[in-house]
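For reference, the structure discussed in these notes is given below.
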Ligand code: DGY
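Numbering (the numbering used here), first residue to last: 17 to 354.
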């Protein structure tokens, strides 16, 4: 049996990141803590999200921040963080981080793509099915004890199989939704500025107007940027078929929620499935009052395995930057001005 030599352990070469101070705004699973090696880790264990004031107080002492989409990393926060070298966002989206300010402060920003693709696509498809087949309305009816028995016209919904799916933004998650749609015999249209490099077989690129006018189900998968804020507003909703379903698992502000609520209330649209909202956790009374909207609390990537994988990826990204290596998932930053 071989015995470990304690002197060898003592002689372990220290990497440049070993003495770094890392703050994580959420508790890390063991594998993610392990990815940070011997770095000094402070963990916010209080209410989620970490209060902005507490983050602002802590950020002056740290070299790396592991944060979530609920943590605002803006110019004011970065100005208080002279030692900060990396913001490792534990999400694929990073609209919570001011990229221009990060570039100006020389801070690397990273995200967690790939590991959440299939999980997020599962939820998008769950919303498609739930909205089309009125799953939540049925659940509410049964729970309330109001179900009077089988009836030929009870909760008639829409067929998903064979329908046309319009995907806005054929990135990783959009493409994963398209793969699921093929299993349902759906025709797939997609819209994005540039043709996808490897579009799923049979997926057809069309203009946004054509997609909205044609699709039975429209599923949104674009990041939130200045160009995509309210991408789907009153005008776009008016282009959609009256019997169509809108599903949003991207970011709430991609849709004008007030316009959507009005369209649904007036029968301009059959149903919607929403996992994301413009001012989370606030969801408008108008949306909550509508029976034909399925609402979930931003849980597209929320499985135990995927959240653990995301945390490991975030930790690896931070560790790489602190060790002066290129992180696996850098977010492209704008060139600093001046
Ligand atoms: C992300 O990673 O951006 C998702 O919204 C998390 O569920």
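Built from N, CA and C at the ideal position, the CB exists for glycine as well.
Only a predicted model underlies this, so the values are computations on that prediction, with no experimental measurement involved.
Give me the Cβ distance between residue 52 and residue 75, rounded to the nearest whole Å; I'm assuming they're in contact under 8 Å.
By 1-based counting over the chain shown, the position of residue 52 is 36. By 1-based counting over the chain shown, the position of residue 75 is 59. Their Cβ separation, rounded to whole angstroms, is 17 Å, which puts residue 52 and residue 75 out of contact at 8 Å.
Determine the DSSP secondary structure at residue 144, reduced to helix, strand or coil.
Looking up residue 144 in the chain shown gives position 128. Three-state result, residue 144: helix.
Quick one: complete beta strand (DSSP E) runs, 3+ long, within the region 25-92?
Taking only runs of at least 3 residues, the beta strand (DSSP E) segments lying wholly in the region 25-92 are 37-40, 56-59, 80-83.
Nearest by alpha-carbon distance to residue 190: which of 158, 151, 234, 155 is it?
The residue labelled residue 190 in the question sits at position 174 within the chain shown. When each option's Cα is compared against that of residue 190, the closest is 234.
Which class does residue 218 belong to by DSSP, given the choice of helix, strand or coil?
Sequence index remark: in the chain shown, residue 218 carries index 202 (1-based). Of the three classes helix, strand and coil, the one that applies to residue 218 here is coil, per DSSP.
Beta-carbon distances below 5 Å to any heavy atom of ligand 1 define the shell here; list its residues in chain order, please.
Chain-ordered list of matching residues: 107, 108, 109, 316, 317.
In the DSSP assignment, the beta strand (DSSP E) including residue 105 goes from what residue to what residue?
Working through the chain shown from its first residue, we reach residue 105 at position 89. Unbroken beta strand (DSSP E) run through residue 105: 102-105.
Using only the alpha-carbon positions, how far apart do residue 433 and residue 310 sit?
The structure shown has nothing for residue 433, since the chain only spans 17 to 354.
With residue 264 as the anchor, note down where its alpha helix (DSSP H) starts and where it stops.
For this step, residue 264 is matched to residue 248 along the chain shown. No alpha helix (DSSP H) holds residue 264; the beta strand (DSSP E) holding it covers 261-264.
Three-state secondary structure (DSSP) at residue 355?
Absent from the model: residue 355. The displayed extent of the chain is 17 to 354, so no value can be given.
Is it the case that the Cβ atoms of residue 334 and residue 95 are separated by a distance below 9 Å?
For the purposes of this step, residue 334 is taken as the residue at position 318 of the chain shown. For the purposes of this step, residue 95 is taken as the residue at position 79 of the chain shown. In this structure, residue 95 does not lie closer than 9 Å to residue 334 by Cβ.
Compute the distance between the beta-carbons of residue 45 and residue 324, then report whether it is under 9 Å.
What you label residue 45 is simply residue 29 of the chain shown in a count that begins at 1. What you label residue 324 is simply residue 308 of the chain shown in a count that begins at 1. Contact: yes.
I'd like to know whether the C-beta atoms of residue 178 and residue 200 end up nearer to each other than 9 Å.
The count along the chain shown starts at 1 and reaches residue 178 at position 162. The count along the chain shown starts at 1 and reaches residue 200 at position 184. Against a cut-off of 9 Å, the Cβ pair of residue 200 and residue 178 comes out as a contact.
When burial is assigned at 16 or more other CB atoms within 10 Å of the CB, is residue 355 buried or exposed?
Summary: the structure shown does not reach residue 355, with the chain confined to residues 17 through 354, and so no result is reported for it.
Which whole-angstrom value describes the C-beta separation of residue 54 and residue 43, a residue pair presumed to lie in contact below a C-beta threshold of 8 Å?
As a first step, residue 54 is located in the chain shown; it is residue number 38 there, counting from the start. As a first step, residue 43 is located in the chain shown; it is residue number 27 there, counting from the start. Rounded, the Cβ-Cβ distance is 19 Å, inconsistent with contact.
Can you have a look at residue 124 and say buried or exposed, based on whether 16 or more other CB atoms are within 10 angstroms of its CB?
Locating residue 124 in the chain shown gives position 108, where the first residue counts as 1. Buried, because 16 or more other Cβ atoms sit within 10 Å of the Cβ of residue 124.
Note down, in chain order, each residue of its chain lying with its Cβ closer than 8 Å to the Cβ of residue 11, except the 5 sequence neighbours on either side.
No answer is possible for residue 11: it lies beyond the span of the chain, which begins at 17 and ends at 354.
Out of 70, 101, 197, 293, which one is the CA nearest neighbour of residue 336?
Taking the chain shown and counting its residues from 1, the one referred to as residue 336 is at position 320. When only C-alpha atoms are compared, the closest one is 101.
Going by CA-CA distance only, name the one from 259, 316, 128, 341 that's closest to residue 308.
Here residue 308 refers to the residue found at position 292 of the chain shown. For the residues 259, 316, 128, 341, the minimum Cα distance to residue 308 belongs to 259.
I'd like the list of long-range same chain contacts for residue 62, defined as Cβ closer than 7 Å, with 5 residues on each side in sequence excluded.
Along the chain shown, one-based indexing puts residue 62 at 46. Closer than 7 Å at Cβ, skipping near neighbours: no residue.
Taking all protein chains shown into account, do 16 or more other C-beta atoms lie within 10 angstroms of the C-beta of residue 216, making it buried, or fewer, making it exposed?
Locating residue 216 in the chain shown gives position 200, where the first residue counts as 1. The residue in question, residue 216, is buried, as its Cβ has 16 or more Cβ neighbours within 10 Å.
Less than 6 Å between C-beta atoms, sequence neighbours within five positions excluded: which residues of the same chain meet that for residue 319?
Locating residue 319 in the chain shown gives position 303, counting from the first residue. So the list reads 135, once near-sequence residues are dropped.
Just tell me which of 261, 349, 293, 348 has its CA closest to the CA of residue 142.
On the chain shown, residue 142 is found 126 positions in, with the first residue counted as 1. Here the closest residue by C-alpha is 261.
Just the Cα atoms here: how many angstroms apart are residue 332 and residue 224?
Here residue 332 is taken as the residue at index 316 of the chain shown, counted from 1. Here residue 224 is taken as the residue at index 208 of the chain shown, counted from 1. Each residue's alpha carbon lies about 38 Å from the other.
Straight-line CA distance for residue 21 to residue 72?
Here the question's residue 21 lines up with position 5 in the chain shown. Here the question's residue 72 lines up with position 56 in the chain shown. Legend: pLDDT at residue 21 = 41, less than 50; position of this residue unreliable, value from coordinates given subsequently. Roughly 44 Å separates the two Cα atoms.
Let me know if residue 343 comes out buried or exposed under the rule of 16 or more other beta-carbons within 10 Å of its beta-carbon.
Reading the chain shown from its first residue, position 327 is the one you call residue 343. Counting Cβ neighbours within 10 Å, residue 343 comes out buried, since at least 16 surround it.
Taking the continuous beta strand (DSSP E) assigned at residue 289, which residues delimit it?
Position 273 of the chain shown holds residue 289. 287-290 is the extent of the beta strand (DSSP E) around residue 289.
Answer yes or no: do residue 299 and residue 270 have a C-beta to C-beta separation smaller than 9 Å?
What you label residue 299 is simply residue 283 of the chain shown in a count that begins at 1. What you label residue 270 is simply residue 254 of the chain shown in a count that begins at 1. Not a contact, by the Cβ cut-off of 9 Å.
Can you give me the start and stop residues for the alpha helix (DSSP H) that residue 123 sits inside?
For the purposes of this step, residue 123 is taken as the residue at position 107 of the chain shown. No alpha helix (DSSP H) contains residue 123, which DSSP labels as neither H nor E.
Compare the beta carbon distance of residue 321 and residue 106 with 9 Å and say whether it is the shorter of the two.
Start at 1 with the first residue of the chain shown, and residue 321 comes out as number 305. Start at 1 with the first residue of the chain shown, and residue 106 comes out as number 90. No, the Cβ-Cβ distance between residue 321 and residue 106 is not below 9 Å.
In angstroms, rounded to a whole number, what distance separates the CA positions of residue 357 and residue 168?
Limits of the chain in this structure are 17 at one end and 354 at the other, which puts residue 357 out of reach.
Ordered along the chain, which non-local residues of its own chain (more than five positions away) have a Cβ less than 6 Å from that of residue 163?
Working through the chain shown from its first residue, we reach residue 163 at position 147. Cβ neighbours of residue 163 beyond the five flanking positions: 157.
Tell me which same chain residues have a C-beta within less than 6 Å of the C-beta of residue 272, skipping the five on either side of it?
Start at 1 with the first residue of the chain shown, and residue 272 comes out as number 256. The answer, listed in chain order, is 246, 249.
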